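*Asks:* One structure coming up, written as structure tokens, with questions to follow.
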Amino acid sequence: MSDYAQKLFTAKKNAKALTRFTATEPKFSLGRAYEVQSALLNLHLGAGEKLVGRKMGLTSRPKMQQMGVHEPIHGFLTSAMQINDGAEISLRDRIHPKIEPEIAFVLGRELKGRPTLAEAMGAVEGVCAAMEIIDSRFENFEFQLPDVVADNGSSSGFVIGGALVKPKALDLGNLGILVEVNGRSQLFGSSASILGHPGRSLAALAALLDAEGLSVPAGAIVLAGAATAAIPLSPNQWIRASFQGLGTVEARVSE
Ligand code: OOG
Ligand code: MG
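To convert, take the position in the sequence shown, counting from 1, and add 78; that gives this note's numbering.
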């Protein structure tokens, strides 16, 4: 198990892809995959990174269709993964990165147990425009559910926009989303794609963590899962995601 975690840690460090684990071990289970993911988190914490939040993945139909995997999953976000709004995404230390628009929650208080949508939203201090960089450590982005869970939901980084908006000021169930690449509209979406309301993704995260005896602490950042398919990154792109009521978040891609 920690062997798989070490393989993933090294694959990320060297930006060198692995063959998916389920190819050689078809019985690799979802339960073991989450154990590998927490061993991987421990390797990152051991390297001095801090746990700053969680991410949900595969919470929308466009993502499920793009990846061929049909069940929501969660992963961790560490301090080393955060990229400032407008800053550079390096291609050098990544394998085959893609980017996707995300809605981020910042929790005002701890969320535990199996909350309803209203209870989950009650724990939210603010909502932000965000983007996630994903970079599967598996060749060709090909994996089954346990592989992608072990690999921290393919997460490779995240960017949070400047504005923190109170959830009551928004109709979170249907916010328009636009992704532009080099000033051209590339993707349109709606927050409705995320389980009908991104707060449901937050509630689902709490329930999944509860099953492992964990919770989402106050101050945590939570990415609700992309509402659109992901865009492959290439050198010198300028990416901007705009969200109705939340403003924009931007990043540029290195040479
Ligand atoms: C899995 C990661 C999914 C999302 O927002 O749905 C994810 C992948 O696409 O490789 O982060
Ligand atoms: Mg994502």
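Cβ coordinates follow ideal geometry from the N, Cα and C atoms, glycine included. Just so you know, these numbers come straight off a predicted model, no measurement behind them.
Just to check my reading of the structure: Asp288 and Lys190 have Cβ atoms closer than 8 Å, yes? What is that Cβ distance to the nearest angstrom?
*Replies:* 6 Å
*Asks:* Under 8 Å, with one C-beta from each stretch per pair, do the stretch 80–94 and the stretch 210–228 reach the 3-pair mark?
*Replies:* yes
*Asks:* Would you be able to state if there are at least three C-beta pairs under 8 Å between the stretch 255–270 and the stretch 298–316?
*Replies:* yes
*Asks:* Which residue wins for smallest C-alpha separation from Gln144, given the options Ala284, Gly164, Gly239, Glu178?
*Replies:* Glu178
*Asks:* At a threshold of 7 Å, does Ala329 count as lining ligand 1 (C-beta to nearest heavy atom)?
*Replies:* Not so, every heavy atom of ligand 1 lies at least 7 Å from the Cβ.
*Asks:* Can you give the Cα-Cα distance for Glu127 and Ala208, rounded to whole angstroms?
*Replies:* Distance between the alpha carbons of Glu127 and Ala208: 21 Å.
*Asks:* Is it buried or exposed for Asn230, if we count other Cβ within 10 angstroms and need 16 for buried?
*Replies:* buried
*Asks:* Would you kindly work out how many angstroms separate the C-alpha atoms of Ala308 and Glu188, rounded to a whole number?
*Replies:* 30 Å
*Asks:* Go through its chain and collect everything with a Cβ distance to Ala241's Cβ below 8 Å, but skip five positions before and after it.
*Replies:* Hits under 8 Å: Cys206, Ala207, Leu324, Gly325.
*Asks:* Are the CB atoms of Gly235 and Ala211 within a distance shorter than 8 Å?
*Replies:* At residue 211 the sequence reads Ile, which differs from the Ala that was named. Result yes, Cβ atoms of Ile211 and Gly235 sit closer than 8 Å.
*Asks:* Does the separation of the CB atoms of Thr137 and Ile272 fall below 8 Å?
*Replies:* yes
*Asks:* Which one of Gly239, His174, Lys176, Pro193 has the shortest CA to CA distance from Gly204?
*Replies:* The residue among Gly239, His174, Lys176, Pro193 with its C-alpha nearest the C-alpha of Gly204 is Gly239.
*Asks:* With a Cβ-Cβ cutoff of 8 Å, do Phe183 and Ala282 count as a contact?
*Replies:* No, these two residues do not count as a Cβ contact at 8 Å.
*Asks:* Where in the stretch 194–256 do unbroken runs of the beta strand (DSSP E), each at least 3 residues long, occur, reported from the N-terminal end onward?
*Replies:* 202–212, 233–238
*Asks:* In the DSSP assignment, find the unbroken alpha helix (DSSP H) run with Phe154 in it and report its ends.
*Replies:* No alpha helix (DSSP H) contains Phe154, which is instead part of the beta strand (DSSP E) from 151–156.
*Asks:* Between the C-alpha atoms of Ala304 and Leu250, what's the straight-line distance to the nearest angstrom?
*Replies:* Taking the straight line joining both Cα atoms gives about 14 Å.
*Asks:* Could you tell me whether the Cβ atoms of Ala83 and Val130 are closer together than 8 Å?
*Replies:* Going by C-beta atoms, Ala83 is not nearer than 8 Å to Val130.
*Asks:* Looking at the secondary structure, which residues open and close the beta strand (DSSP E) in which Gln264 lies?
*Replies:* Run containing Gln264: 262–268, per the beta strand (DSSP E) assignment.
*Asks:* Would you say the beta carbon of Leu301 is closer than 7 Å to some non-hydrogen atom of ligand 2?
*Replies:* yes
*Asks:* Using three-state DSSP, classify Arg318 as helix, strand or coil.
*Replies:* strand
*Asks:* Assign Phe87 to one of three DSSP states: helix, strand, or coil.
*Replies:* helix
*Asks:* Does Glu180 pass the burial test, meaning 16 or more other C-beta atoms within 10 Å, or should it be called exposed?
*Replies:* buried
*Asks:* Could you tell me whether any non-hydrogen atom of ligand 1 is closer than 7 Å to the CB of Ala284?
*Replies:* no
*Asks:* Where do the N-terminal and C-terminal ends of the alpha helix (DSSP H) with Val331 fall, by residue?
*Replies:* That residue, Val331, is in no alpha helix (DSSP H); its beta strand (DSSP E) goes 325–331.
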